[in-house]
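> Structure in structure tokens, see below.
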Amino acid sequence: MDVIWRGTRGLTWSQVLPEVVRIARVASSPTVVVIHAGGNDLASFPLAELLTLMRADLDKLPGFFPVMRLVWSELIPRLVWRGARELSAMERSRHTLNQRISRFIRFKNGVVVRHHRLEGDNSGFLLPDGVHLNDADLDIFLDGLREGVVQALHSLGETGALHKIEASREKKIVAILKQHLKTSARKLKLGRKRVFQMDNDPKHTAKMATNFTLVHEMLKLTCHYDSPGLHEFINTKHV
849 MDVIWRGTRG LTWSQVLPEV VRIARVASSP TVVVIHAGGN DLASFPLAEL
899 LTLMRADLDK LPGFFPVMRL VWSELIPRLV WRGARELSAM ERSRHTLNQR
949 ISRFIRFKNG VVVRHHRLEG DNSGFLLPDG VHLNDADLDI FLDGLREGVV
999 QALHSLGETG ALHKIEASRE KKIVAILKQH LKTSARKLKL GRKRVFQMDN
1049 DPKHTAKMAT NFTLVHEMLK LTCHYDSPGL HEFINTKHV
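In my numbering, the protein residues as written are 849 to 1087.
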């Protein structure tokens, strides 16, 4: 999987469509497009006008890709909205925009990422500028994006079965590997030569899980020792 990361400081909505066009020229198919934008326009446009513009542009995106799934990352709270006079009014506008665009994305069979852990009073999450997240909470934000990408790939049939693990014991991991790994590989038509990847959670690196992969001669892609969130994706391209 290739990941093209376009992080533009101060991004405005007018830059989104041109960026997607540039990505479409080099992206393989199927494609998952994750968009987190619009916050820097919230104080510059009447809300109704901004919503109309965003819907119109989002409606155009599938035309640039043979197979695409759109992931919308909702706007998170800020303490400072540049150009705004009243924080409470901006929060109401943010909630309205998130609600309307999220409904639109779901109607288009897209995926919505709502950053629940960053909602509410997030003053402790932000840098002194009142806009950008600190390092720890940026990891939470990126983890939300990762989950959105996984959901989108699953809806496209590009992943095997997804299983949420509540227990912390490595036996649960081994049971899932036994029951679902080969089945998922057959479903995806990967053939005998296949590589799978898990992150560095202690359950995944436990002796029992490691021994299972050795006994069954499975090739496992190793994660970097401190791999968070998006490092789980391989062949990452920072553009």
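Note that CB positions come from ideal geometry on N, CA and C, so glycine has one too.
Computed from a predicted model, the values in this text were never measured in an experiment.
1) Check for me: the beta strand (DSSP E) holding L918 runs from which residue to which?
2) Count Cβ pairs between the stretch 979 to 998 and the stretch 933 to 947 that sit closer than 8 Å; are there 3 or more?
3) Taking three-plus beta-carbon pairs below 8 Å as touching, is the stretch 918 to 937 in contact with the stretch 869 to 878?
4) Are the CB atoms of F955 and R903 nearer to each other than 7 Å?
5) H884: buried (16+ other C-beta within 10 angstroms of its C-beta) or exposed?
6) To the nearest angstrom, how far is the alpha carbon of W861 from that of G1005?
7) Could you give the residue range of the alpha helix (DSSP H) that holds T944?
8) Would you grab the beta carbon distance between E867 and R854 for me? Rounded to a whole angstrom, and I think it's under 8 Å.
9) I'd like the span of the alpha helix (DSSP H) that includes V868, first residue to last.
10) Report the CB separation of E995 from V961 in whole angstroms; it is logged as a contact under 8 Å.
11) Cutting at 7 Å between CB atoms, please list the residues of its own chain near L859, excluding the five before and the five after it.
12) Since N946 and L923 should fall inside the 8 Å C-beta cutoff, what is the C-beta to C-beta distance between them, to a whole number of angstroms?
13) Under the DSSP definition of a beta bridge, which residues are partnered with W861?
14) For L974, which beta-bridge partners are listed by DSSP?
15) For S1003 and G972, I'd like the C-alpha separation in whole angstroms.
Per the coordinate set shown:
1) 916 to 921
2) no
3) no
4) no
5) buried
6) 30 Å
7) 935 to 955
8) 5 Å
9) 864 to 872
10) 7 Å
11) A885, N888
12) 6 Å
13) Beta-bridge pairing links W861 to no other residue.
14) L981
15) 35 Å
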